[in-house]
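I have placed the structure first, in the form of structure tokens, so that the comments after it can refer back to it.
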Amino acid sequence: MKFFLDTANIEEIKRCASFGFLDGVTTNPSLMARENISDQAARIEEICSLTEGPVSAEVIAADTEGMVEEARALADIAPNVAVKIPLTMPGLSATRSLADQGLAVNLTLVFSPLQALLAAKAGAAFVSPFVGRLDDVGMDGMDLVEDIVSIFSNYAFETEVIVASIRSPQHVLRAALIGADICTVPFKVIEQLASHPLTDKGLAAFLADHEKVAAKRPHPNSH
Ligand code: E4P
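Sequential numbering from 846 applies to the sequence shown in this note's numbering.
And the structure:
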């Protein structure tokens, strides 16, 4: 399973790259706004220089023509830009046109298996089911991922499933068990994945035991 980082924050991206498992980055207009970014193109270019993997950058236009125009400008920023398009009817038309031009499209805001099926048919390189937002309205977002993975496997679609809107390590665990292609994870959840109270407790005990023995050892200059 590939790990993307769900952020527009440069420090988070650099830290995740230092762990050696940064397979890509996803941004959206809200993540950009959180970082107070006025020059979106410059930030996307900087992110693209920090990973060889795909970097999703989202269009703002709502009509097909506007989406295609914006998407082409985003794709010109760097060869690893994946353009993010909302799953609407105009978004599906834009995806077909962009895919035919050889651009990688990430169809976003996906909340049903049939939306995902349409995304694959339209030629999307990626589809992003939003699991946390489904959980927020009392559904089980991971059921959606399970359905999409089954459908794509039934028909051997090449569209990759990005599990998005991740809120907890449980989402990542279930995604890995289901066999989703990618999880896009907020940095806070990466930290949660790496930590375990028994690791901290065990390490503290090892260090304390080491100190006890070290304290008894004669000092090298004492005789
Ligand atoms: C990523 O592609 C999505 O835009 C992101 O995961 C949405 O997350 P949220 O539901 O926490 O805003």
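Note that the Cβ used here is the ideal one computed from N, Cα and C, for glycine as well. Remember, predicted model here, so these are calculated numbers, not experimental data.
- When secondary structure is reduced to three states using DSSP, Asn951 falls in the strand class.
- About 15 Å separates the Cβ atoms of Ile1023 and Ser973, ruling out a contact at the 8 Å cut-off.
- By the Cβ-count criterion, Asn1066 is exposed, with fewer than 16 other Cβ atoms from all chains shown falling within 10 Å of its own Cβ.
- Pairing Gly977 with Ser1010 gives a Cβ-Cβ distance under 8 Å.
- Ala1009 carries a strand assignment under DSSP once its states are collapsed to helix, strand and coil.
- A straight line joining the alpha-carbon of Ile1035 with that of Glu1003 spans about 27 Å.
- Remark: the shortest separation between the CB of Asn854 and any heavy atom of the ligand E4P does not fall under 7 Å.
- Nearest to Leu959 by alpha-carbon distance, out of Leu932, Ala944, Met984, is Leu932.
- For Ser901, there is no enclosing alpha helix (DSSP H); the enclosing beta strand (DSSP E) has its first and last residue at 900-903.
- Where Val913 is concerned, the enclosing alpha helix (DSSP H) starts and stops at 909-920.
- Distances taken from the Cβ of Ser875 to the heavy atoms of the ligand E4P include one shorter than 7 Å.
- The stretch 968-1045 contains, as complete alpha helix (DSSP H) runs of 4+ residues, the segments 976-981, 986-999, 1014-1023, 1032-1039 (chain order).
- The DSSP-derived three-state label of Ile882 is coil.
- Residue environment for His1041: exposed (fewer than 16 other C-beta atoms within 10 angstroms of its C-beta).
- In this structure, Val1030 lies near Asp851, with their beta-carbon atoms less than 8 Å apart.
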